[in-house]
Amino acid sequence: MAATQFLDTAQGRRLAYHKTEGDGPCIVFLGGLKSDMEGTKAVHLEAWAQAQGRAFLRFDYSGHGESLGRFEEGCIGDWHEDVLAALDALTDGPLVVVGSSMGGWQALLLARARPERIAGMVTIAAAPDFTEDGWWAGFDAVQRETLEREGQVELPSDYMEPYIVTRRMIEDGRKRLVLREPLRLPFPVRCLQGTADTAVSTQTALRLLEHAECGDMRLLLVKDADHRFSDGPCLGLIEQAVLDVLG
Numbered sequence: 005m006a007a008t009q010f011l012d013t014a015q016g017r018r019l020a021y022h023k024t025e026g027d028g029p030c031i032v033f034l035g036g037l038k039s040d041m042e043g044t045k046a047v048h049l050e051a052w053a054q055a056q057g058r059a060f061l062r063f064d065y066s067g068h069g070e071s072l073g074r075f076e077e078g079c080i081g082d083w084h085e086d087v088l089a090a091l092d093a094l095t096d097g098p099l100v101v102v103g104s105s106m107g108g109w110q111a112l113l114l115a116r117a118r119p120e121r122i123a124g125m126v127t128i129a130a131a132p133d134f135t136e137d138g139w140w141a142g143f144d145a146v147q148r149e150t151l152e153r154e155g156q157v158e159l160p161s162d163y164m165e166p167y168i169v170t171r172r173m174i175e176d177g178r179k180r181l182v183l184r185e186p187l188r189l190p191f192p193v194r195c196l197q198g199t200a201d202t203a204v205s206t207q208t209a210l211r212l213l214e215h216a217e218c219g220d221m222r223l224l225l226v227k228d229a230d231h232r233f234s235d236g237p238c239l240g241l242i243e244q245a246v247l248d249v250l251g
């Protein structure tokens, strides 16, 4: 496997990445919260792209994986800046963006910032606005008081160690919401969602489908698939969705 490379951004962050040269549009994988570019979906999709001679980019947000920084100090806006920095510096021309979980939110933020760059989008258990509609909405009075008093609160996760949710994460997330105002997606979009996902509900997927302004958007619900969406059949569905938006 090729050695990890690093990009220094204008915000003073150092991002780890792997880039494969090949035919465009370049396929870019945006990972989930606390995930990294060595995850099953990212590595599988890279190998698939390489076998087809397609350009591919995977990278770690700051505070994730091999990139520098502490996760607890980051927020949605910081990772949005990381996405823009990586794509502006490391890619040219059209992109097919594949966003998983929080990476789905990042993909939608990218669509606002660089719509002219995107040739197609695939989301996997996309989690737009989860800091507000998932975390904040689900906090009880004690958790909200703890967040205000101590600046952070700990939440359990079904998939990894507990999350440390900071007040900055909540407050910054409110500036990045995408389901409250028009969301134009002027390119093909394919959304994949497992019905056994305990982190992102099918209602979130349906809300995104109904809210977005898109002339070619489809949602595929996969019975009994969980949030990881990384077994053999699910990986095959991701490949097919990428091919679909490539046309």
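Every position in the sequence shown, counted from 1, becomes a number in the numbering used here once 4 is added. Cβ atoms here follow ideal geometry from the backbone N, Cα and C, with glycine treated the same way. As the structure is a computational prediction, the values presented were derived from the model and not from experiment.
Cβ-Cβ distance between residue i and residue j below 9 Å
i	j	result
Phe191	Ile122	yes
Gly107	Gly198	no
Leu183	Arg211	yes
Glu158	Ile168	yes
Ala245	Leu225	no
Thr127	Ala111	yes
Ala90	Thr150	no
Glu85	Gln9	no
Lys45	Ser234	yes
Arg148	Trp140	yes
For residue i, the residue or residues it bridges with in DSSP
i	result
Met221	Val193
Leu19	Leu11
Met125	Val101 and Val193
Asp27	Arg58
Phe134	DSSP lists no partner for Phe134.
Phe233	None, per the DSSP bridge assignment.
Arg184	Note: Arg184 sits in no beta bridge, so no partner.
Leu34	Gly103
Val226	Gly198
Assumed close pair residue i, residue j - CB separation to whole angstroms, cut-off 8 Å
i	j	result
Met256	Val204	A question about residue 256 goes unanswered here, because the residues of the chain that appear run from 5 up to 251.
His231	Ser105	7 Å
Leu114	Ile242	Actually they do not touch by this definition, with Cβ atoms about 18 Å apart.
Leu11	Ser66	Rounded, the Cβ-Cβ distance is 11 Å, inconsistent with contact.
Gly103	Ala130	6 Å
Leu187	His215	6 Å
Trp109	Phe134	7 Å
Leu189	Cys218	4 Å
Leu72	Arg17	7 Å
Range covered by the alpha helix (DSSP H) that runs through residue i
i	result
Cys79	Element bounds for Cys79: n/a, residue is neither H nor E.
Glu152	Ala145 to Glu154
Pro119	Where Pro119 is concerned, there is no enclosing alpha helix (DSSP H), given that its DSSP letter is neither H nor E.
Pro160	From DSSP, Pro160 is part of no alpha helix (DSSP H); its letter is neither H nor E.
Thr208	Thr206 to His215
Residues near residue i by beta carbon distance below 7 Å, same chain, minus five either side
i	result
Gly28	Ala59, Gly97 and Pro98
Gly81	Asp176, Lys179 and Arg180
Thr259	An answer regarding residue 259 cannot be provided, because it is not within the stretch 5 to 251 covered by the chain.
Leu94	Leu11, Tyr21, Lys23 and Leu61
Ala6	His22
Pro166	Glu158, Leu159 and Pro160
Gly43	Gly35
Val101	Val32, Leu34, Ala111, Leu114, Ile122 and Met125
Glu136	Gly177, Arg178 and Leu181
Segment limits, beta strand (DSSP E) that includes residue i
i	result
Val169	Tyr167 to Thr170
Cβ-heavy atom distance, residue i to the ligand MG, below 8 Å
i	result
Ala115	Only the bare structure without any ligand can be found here, which leaves the ligand MG out of the picture.
Chain-order list of residues whose beta-carbon lies under 8 Å from that of residue i (same chain, five-residue window excluded)
i	result
Ala53	Thr24, Gly26, Ile31, Ala59 and Phe60
Other residues of its chain near residue i: CB distance less than 6 Å, five sequence neighbours each side excluded
i	result
Asp40	Asp64, His68 and Gly69
Leu247	none
Cys79	Arg172, Met173 and Asp176
Asp201	Ala129, Asp230 and His231
Asp220	Pro192
Gly57	Gly26 and Asp27
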